[in-house]
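In this note's numbering, the protein residues as written are 55 to 513. Below you'll find the structure, written out as structure tokens, and then a few comments.
Written as structure tokens, this is what we have:
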């Protein structure tokens with residue numbers, strides 16, 4: 055559950071009033087002064103969001119510009135404008151440097167919708183000569199306009215935020231294909247490792263930058279939610295055919311059909327998965343969760359080759375192999391995977407639907423090294439296959455047994471005894487001598503009497 059967030063304004067009406075002071079009349083200096091005073095008062099109460107801090111800096115620079123006399127040097131004003139713009143861009147961009155490798159400010163700003171020329175002006179103001187006063191004034195107006203459409207309006211009118219279309223996330227498939235090609239070359243001839251390793255490292259950095267871009271695309275202020283969103287997108291791409299699961303069925307599993315992976319497939323993808331797991335601790339859990347969801351899905355992956363039972367079985371077996379490799383010696387992750395898988399299965403399901411056979415096989419494989427999981431696995435797999443545990447199909451004659459039981463509960467002792475004998479006779483006919491494991495029929499010589507559940511009748 056997300057904790058309450060403290061805001062400097064007591065109600066949205068106060069924020070709306072601040073917005074009107076700033077944007078209703080761009081030529082009204084007194085209204086801008088009221089806005090600066092309101093922001094200063096809020097700053098005493100609590101820390102201001104970065105958008106409001108930047109707004110305050112921009113307004114102070116604008117008011118200084120409007121009250122400047124012709125004889126006042128323009129250098130201090132240019133510095134005020136430049137500092138406000140630099141802090142605006144840095145404050146929005148820096149928190150989104152969530153990847154292992156640094157991304158360019160321009161790429162993050164583009165995802166946020168910041169004008170590219172503002173980023174270039176920020177670079178010039180930081181590392182080169184200060185831009186001209188006219189250019190800085192235009193940049194201040196552009197920055198105020200960006201704050202209006204990307205901060206004030208989404209808060210004051212959430213419907214406008216929902217209609218905002220985020221920048222599309224660049225595809226990951228080309229990066230994975232590039233990595234696959236390089237890793238395949240190195241795995242076939244290890245003498246080429248030193249030659250291709252720089253290209254592989256560069257591709258890994260590009261994939262990490264894609265993960266960071268996906269986190270920005272989540273449009274969430276919570277770091278955990280952003281990370282989860284980016285890893286979910288990554289795992290979906292990895293589980294497509296052509297990535298962790300080869301396009302050719304011959305390359306997917308070893309001939310024995312066990313829940314294992316062929317060595318060539320591991321040699322290609324294991325370095326990438328290990329690299330991501332090193333920098334993102336929750337990656338293994340995210341990939342295992344997504345893989346199990348694919349195994350429990352009753353339709354073929356991505357809707358491709360529907361009706362091809364061999365194709366689906368081959369795909370599922372390869373995905374199950376990756377789950378086994380990911381859990382490895384991690385007992386906690388193994389148990390979590392077992393619980394998630396067991397929650398979506400039931401006894402006898404693999405006999406009714408052949409598409410779930412791999413899921414049952416994975417369940418058995420996950421439980422091999424833990425006696426607690428073995429007993430739980432048997433409750434789903436062994437009981438489902440035990441012919442003695444099969445429940446007889448419902449028939450009309452079973453209503454007579456239920457009626458007799460009802461009469462035994464509602465009747466007196468004499469009627470109960472007579473109905474009890476009738477129940478035994480009906481039960482024998484119903485099961486034809488086959489009872490579920492652990493059950494037996496009591497004879498007439500016993501002191502058994504039918505009674506409501508939970509009621510004890512002394513002998």
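Ideal placement from N, C-alpha and C gives every residue a C-beta, glycine not left out.
What first and last residue would you give for the alpha helix (DSSP H) that runs through residue 89? Mapped onto the chain shown, residue 89 falls at position 35. Start and end: 83–99.
>> Could you check whether residue 175 and residue 193 sit closer than 7 angstroms to each other, using their CB atoms as the reference points?
In response: The sequence position of residue 193 within the chain shown is 139, counting from 1. The sequence position of residue 175 within the chain shown is 121, counting from 1. The Cβ atoms of residue 193 and residue 175 lie closer than 7 angstroms to each other.
Requested in this report: For residue 299, write down the residues that DSSP places opposite it in a beta bridge.
Outcome: Indexing the chain shown from 1 puts residue 299 at position 245. According to DSSP, which records beta bridges pairwise, residue 299 is partnered with 295.
Note to self: Quick check on the burial criterion: 16 or more other C-beta atoms within 10 angstroms. Buried or exposed for residue 391?
What the structure shows: Locating residue 391 in the chain shown gives position 337, counting from the first residue. Result: buried.
Only counting the same chain, and skipping five residues up and downstream in sequence, which positions put a Cβ closer than 8 angstroms to that of residue 70?
One-based indexing of the chain shown puts residue 70 at position 16. Around residue 70: 210.
Give the single residue among 188, 317 and 223 whose Cα lies nearest to the Cα of residue 379. As a first step, residue 379 is located in the chain shown; it is residue number 325 there, counting from the start. Nearest option by C-alpha distance: 317.
Taking Cβ positions, are residue 118 and residue 131 nearer each other than 7 angstroms?
Along the chain shown, read from residue 1 onward, the residue named residue 118 stands at position 64. Along the chain shown, read from residue 1 onward, the residue named residue 131 stands at position 77. Taking 7 angstroms as the Cβ cut-off, residue 118 and residue 131 qualify as a contacting pair.
Practice task
Please report how far the alpha carbon of residue 422 lies from the alpha carbon of residue 389, in whole angstroms.
Solution key: For this step, residue 422 is matched to residue 368 along the chain shown. For this step, residue 389 is matched to residue 335 along the chain shown. For residue 422 and residue 389, the distance between alpha carbons rounds to 11 angstroms.
Query - C-beta contact flag for residue 280 and residue 266 at 7 angstroms - result: Taking the first residue of the chain shown as position 1, residue 280 is located at position 226. Taking the first residue of the chain shown as position 1, residue 266 is located at position 212. Taking 7 angstroms as the Cβ cut-off, residue 280 and residue 266 do not qualify as a contacting pair.
* To do: Please determine, among 186, 134, 296 and 271, the residue with the shortest C-alpha to C-alpha distance to residue 287.
  => Indexing the chain shown from 1 puts residue 287 at position 233. Of the candidates 186, 134, 296 and 271, the one whose C-alpha sits nearest the C-alpha of residue 287 is 271.
Three-way DSSP call (helix, strand, coil) for residue 393 in this model: Reading the chain shown from its first residue, position 339 is the one you call residue 393. Residue 393: helix per DSSP, three-state reduction.
Should residue 493 be labelled buried (16 or more other beta-carbon atoms within 10 Å of its own) or exposed? Counting from one through the chain shown, the residue named residue 493 turns up at place 439. So residue 493 ends up on the exposed side.
query: Going straight from the alpha carbon of residue 198 to that of residue 245, what length do you get?
result: The count along the chain shown starts at 1 and reaches residue 198 at position 144. The count along the chain shown starts at 1 and reaches residue 245 at position 191. So the alpha carbons of these two residues sit roughly 57 angstroms apart.
* To do: Kindly indicate which three-state DSSP category residue 323 falls into: helix, strand or coil?
  => Position 269 of the chain shown, counted from the start, is the residue given in the question as residue 323. Correct three-state label for residue 323: helix.
> How many angstroms separate the CA atom of residue 461 from the CA atom of residue 455?
Replying inline: Here residue 461 refers to the residue found at position 407 of the chain shown. Here residue 455 refers to the residue found at position 401 of the chain shown. CA-CA distance, residue 461 to residue 455, rounds to 10 angstroms.
Item to complete: Check whether the Cβ atoms of residue 372 and residue 299 sit closer than 7 angstroms, and answer yes or no.
Response: As a position in the chain shown, residue 372 is number 318, starting the count at 1. As a position in the chain shown, residue 299 is number 245, starting the count at 1. Yes; because the gap between Cβ atoms is below 7 angstroms, this pair is in contact.
request  = Confirm, please, whether the CB-CB distance from residue 330 to residue 241 is below 7 angstroms.
outcome  = Counting from 1 along the chain shown, the entry for residue 241 is found at position 187. Counting from 1 along the chain shown, the entry for residue 330 is found at position 276. No, Cβ-Cβ distance for residue 241 and residue 330 is not below 7 angstroms.
Taking the Cβ atom as the reference point for each residue, do residue 112 and residue 138 lie within a distance shorter than 7 angstroms? Sequence index remark: in the chain shown, residue 112 carries index 58 (1-based). Sequence index remark: in the chain shown, residue 138 carries index 84 (1-based). Contact flag set, yes.
query = Any idea what DSSP makes of residue 443, helix, strand or coil?
reply = Working through the chain shown from its first residue, we reach residue 443 at position 389. In this prediction, residue 443 scores a pLDDT of 46, lower than 50, which makes its location untrustworthy; no coordinate-derived value is stated.
- prompt: Taking the alpha-carbon positions, what's the residue 450 to residue 502 distance?
  reply: Taking the chain shown and counting its residues from 1, the one referred to as residue 450 is at position 396. Taking the chain shown and counting its residues from 1, the one referred to as residue 502 is at position 448. The alpha-carbon of residue 450 is positioned some 27 angstroms away from that of residue 502.
> Three-state secondary structure (DSSP) at residue 211?
Replying inline: Here the question's residue 211 lines up with position 157 in the chain shown. Looking at residue 211 - three-state DSSP - the assignment turns out to be coil, as it is neither helix nor strand.
(Q) If I measure Cβ to Cβ from residue 191 and keep anything under 8 angstroms in the same chain, skipping five residues before and after, which residues do I get? (A) Here the question's residue 191 lines up with position 137 in the chain shown. Same-chain partners within the cutoff: 119 and 135.
- Going by the CB atoms, is the gap between residue 104 and residue 167 shorter than 7 angstroms? For the purposes of this step, residue 167 is taken as the residue at position 113 of the chain shown. For the purposes of this step, residue 104 is taken as the residue at position 50 of the chain shown. It is not a contact, given that the beta carbons lie outside the stated cut-off.
* Can you give me the Cβ contacts of residue 90 inside the same chain, cut-off strictly under 8 angstroms, excluding the 5 residues immediately before and after it? => Position 36 of the chain shown, counted from the first residue, corresponds to residue 90. Excluding residues within five positions, the ones whose Cβ falls inside 8 angstroms are 110, 113, 114 and 117.
>> Contact defined as beta carbons within less than 8 angstroms: I believe residue 236 pairs with residue 261. What is the distance between those atoms, to the nearest angstrom?
In response: Here residue 236 is taken as the residue at index 182 of the chain shown, counted from 1. Here residue 261 is taken as the residue at index 207 of the chain shown, counted from 1. Not a contact, Cβ separation roughly 12 angstroms.
Handout entry: Residues near residue 202 by beta carbon distance below 6 angstroms, same chain, minus five either side
Key = As a working mapping, residue 202 is identified with position 148 in the chain shown. The answer, listed in chain order, is 77.
> Out of 165, 292, 290 and 319, which has the shortest C-alpha to C-alpha gap to residue 304?
Replying inline: Reading the chain shown from its first residue, position 250 is the one you call residue 304. When only C-alpha atoms are compared, the closest one is 319.
Query - residue 62 burial status per 10 Å Cβ neighbour count (16 or more: buried) - result: The sequence position of residue 62 within the chain shown is 8, counting from 1. So residue 62 ends up on the buried side.
task = Would you kindly report the start and end of the unbroken alpha helix (DSSP H) that includes residue 144?
result = By 1-based counting over the chain shown, the position of residue 144 is 90. According to the DSSP assignment, residue 144 belongs to the alpha helix (DSSP H) that extends over 129–147.
key: Three-state secondary structure assigned by DSSP to residue 185   = One-based indexing of the chain shown puts residue 185 at position 131. It is coil, neither helix nor strand.
Q. How is the alpha helix (DSSP H) around residue 73 delimited, first residue to last?
A. Along the chain shown, one-based indexing puts residue 73 at 19. DSSP places residue 73 in the uninterrupted alpha helix (DSSP H) bounded by 66–77.
Inset, instruction - On a CA-only basis, which of 129, 278 and 196 is nearest residue 150? Give me that one, please. - result: Residue 150 sits at position 96 when you count from the first residue of the chain shown. Ranking the options by Cα distance to residue 150, first place goes to 278.
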